[in-house]
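Residue numbers for the sequence shown follow this note's numbering, beginning at 5 and rising by one. Note that beta-carbon positions come from the ideal geometry of N, C-alpha and C, so glycine has one too.
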Amino acid sequence: YLCPNLEKRPRHPHLYFINSFECHYLESAMFRFLFVLFIIIPIIEIALLIQVSDVIGGFATIALVVITAILGAKMVKTQGMGALQNVQAQMAQGQMPAKELFTGICVVIAGVLLLTPGIMTDVFGLLLLTPAIRNKLAAGLASQATVRMSAGMQQGPSPFAGQQHAEREQGQMERPTTIDGEYERKD
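Next comes the structure, spelled out in structure tokens:
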């Protein structure tokens, strides 16, 4: 199960029981995602392939799908290597490579989409390989994350905040004192 709130029954340690509405929602959201991914998208792809083959012919449609897969794989390789080099350069400078990591994730998703046979997935894959589209997507996701974080902070302190603070103070008291120094071993 995807749910972290699972309860093991003492007499049956191999059985897990879901005890919250949140877990049911997560499972139904995952089901919807998988249903769209494996049922709806292939149906749309087949319909598009049939329509395109009516216009340009069957062999030309197959050639189009194969050519986009080959070109997409080459583009993913070059952009992926560039993103990896940028991540390494940012980390060598001691900076967090957030933009480069997002670029890498987009390139991987684009590669999967381009290697999947179909026209709609190829279009989405090529869009993800376009830096302008990636930048707009990153800006939109960043604004959503900022809004959700600020909305979550406005709800007030957690009911466990006092407990966490007490645990933090206790952890600081139990932490051993570190003394920085040098030594030389003489045998």
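Let me make sure I understand the geometry here. Which of T82, V116, C110 and V127 has the alpha-carbon closest to that of L145? As a working mapping, residue 145 is identified with position 141 in the sequence shown. If we check each option's Cα against that of L145, C110 comes out closest.
Where does E104 land, buried or exposed, given buried means 16+ other C-beta within 10 angstroms? Numbered from 1 along the sequence shown, position 100 holds the residue referred to as residue 104. Flag for E104 reads buried.
Quick check on the burial criterion: 16 or more other C-beta atoms within 10 angstroms. Buried or exposed for Q168? Within the sequence shown, residue 168 is the residue found at index 164, counting from 1. Low confidence applies to Q168: its pLDDT is 48, below 50, so where it sits in the model is not reliable, and the reading given next is rough at best. With fewer than 16 Cβ atoms within 10 Å of its Cβ, Q168 is classed as exposed.
Any idea if Q192 is buried or exposed, counting beta-carbon neighbours within 10 angstroms, 16 or more meaning buried? One cannot answer for residue 192 here, as it falls past the ends of the chain, which runs 5 to 191.
Mind checking Q80: buried by the 16 CB within 10 Å criterion, or exposed? If you number the sequence shown from 1, residue 80 lands on position 76. In the sequence as displayed, the identity of residue 80 is Val instead of Gln. Result: buried.
DSSP-derived helix/strand/coil call for K190: Indexing the sequence shown from 1 puts residue 190 at position 186. Here K190 sits in coil by DSSP.
Considering just the uninterrupted stretch of the alpha helix (DSSP H) at I58, what are its terminal residues? Walking along the sequence shown from the start, residue 58 turns up at place 54. Rather than Ile, the amino acid found at residue 58 in this sequence is Asp. D58 -> alpha helix (DSSP H) spans I45 to I60.
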